[in-house]
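Residues in the sequence shown are numbered from 1 upward in steps of one, following our numbering. Think of the CB as a built atom: it goes at the ideal place given N, C-alpha and C, for glycine as much as any other residue.
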Amino acid sequence: MNRQVIICPDNGILTMITGEIPKELMAIPVKGQKTLLELTQLVADSIIPGTGGRPLSFKGAVAKPIVERYPLKPTIGPDWMEGQILFIDSFENVVINITQSDFEQHGRGRKFKIYFRRDEAFDTISSNYTDVPGTEKLAWFNSAGYLELSLRNGNMAGLFGFQVFNEQLQQNRANVENKWFYQSIRVMFE
1 MNRQVIICPD NGILTMITGE IPKELMAIPV KGQKTLLELT QLVADSIIPG TGGRPLSFKG
61 AVAKPIVERY PLKPTIGPDW MEGQILFIDS FENVVINITQ SDFEQHGRGR KFKIYFRRDE
121 AFDTISSNYT DVPGTEKLAW FNSAGYLELS LRNGNMAGLF GFQVFNEQLQ QNRANVENKW
181 FYQSIRVMFE
């Protein structure tokens with residue numbers, strides 16, 4: 001991690017951020033601290049600043065195996081990709097876990113269709129909202145590099161029944177049989 005020091009709880013966030021287990025890990029034992037102020041003081045007391053350009057050192061034990069969680073990756077086949085909805089923003093734009101680099105690498109310049117319902121698809125990627133008129137739908141890669149489905153001057157999630165991917169809900173579809181919603185998007189390459 002390029003000589004960076006990251007202090008965080010052991011809840012999987014570290015591997016979500018970095019995509020790997022860091023080479024060096026230290027654990028700060030938390031005993032009776034309950035408030036944020038007490039925990040902050042514990043962390044501050046555990047870090048001994050280096051002097052003369054030396055790296056920081058820690059008062060703590062070498063960490064045992066940590067909780068690992070990795071970002072949801074799209075499923076990939078020879079001529080398709082299937083992604084899950086990661087996030088729906090306050091404008092109800094739908095963010096999918098397909099990155100621009102994954103899309104370009106797997107698509108290899110081929111024509112494509114992004115299906116989000118049986119009868120609804122995108123066949124172009126826009127560069128921004130002004131590429132489409134009025135209230136048209138568009139697919140584009142947002143500033144974070146993820147595929148985003150949007151409706152110019154509208155709410156994509158609400159109008160088309162999108163919902164953030166939830167594995168438990170996906171497994172218990174019988175409990176929600178009267179609700180129409182979509183949690184995944186399929187890209188077909190020609």
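{"Query": "In this structure, how does DSSP classify Phe160 when only helix, strand and coil are distinguished?", "Result": "helix"}
{"Query": "State the Cα-Cα distance for the pair Gln105 and Asn97, rounded to the nearest angstrom.", "Result": "15 angstroms"}
{"Query": "According to DSSP, what are the bridge partners of Thr135?", "Result": "Thr135 is not bridged to any residue."}
{"Query": "Shortest alpha-carbon distance to Ala144 belongs to which of Val95, Gly107 and Gly77?", "Result": "Val95"}
{"Query": "Only counting the same chain, and skipping five residues up and downstream in sequence, which positions put a Cβ closer than 8 angstroms to that of Asp89?", "Result": "Val95"}
{"Query": "Measuring alpha carbon to alpha carbon, tell me which of Met156, Leu138, Gln84 and Thr40 ends up nearest Pro71.", "Result": "Gln84"}
{"Query": "Looking only at its chain, what residues have a beta carbon closer than 8 angstroms to the beta carbon of Glu68, apart from the 5 residues adjacent to it on each side?", "Result": "Gly12, Thr15 and Ile21"}
{"Query": "Hey, Glu92 and Ala157: beta-carbon distance below 8 angstroms or not?", "Result": "yes"}
{"Query": "Which first and last residues belong to the alpha helix (DSSP H) in which Phe91 is found?", "Result": "It is not in any alpha helix (DSSP H) - Phe91 carries neither H nor E in the DSSP assignment."}
{"Query": "Could you give the DSSP three-state label for Val30: helix, strand or coil?", "Result": "coil"}
{"Query": "Give a yes or no on whether the C-beta atoms belonging to Arg117 and Val132 are separated by under 8 angstroms.", "Result": "no"}
{"Query": "Which word fits Val187, buried or exposed, when buried means at least 16 other C-beta atoms lie within 10 angstroms of its C-beta?", "Result": "buried"}
{"Query": "Quick one: Cα of Gly161 to Cα of Glu120, how far?", "Result": "12 angstroms"}
{"Query": "Assuming Asp102 and Pro78 make a contact with CB atoms under 8 angstroms, what is their CB distance in whole Å?", "Result": "Not quite, the Cβ-Cβ distance comes to about 15 angstroms (not below 8 angstroms), so this is no contact."}
{"Query": "Look up Gln84 in the DSSP assignment and say whether it is helix, strand or coil.", "Result": "strand"}
{"Query": "Kindly give me the distance between the Cβ atoms of Ser126 and Ala139, rounded to whole angstroms, as I take these residues to be in contact under 8 angstroms.", "Result": "7 angstroms"}
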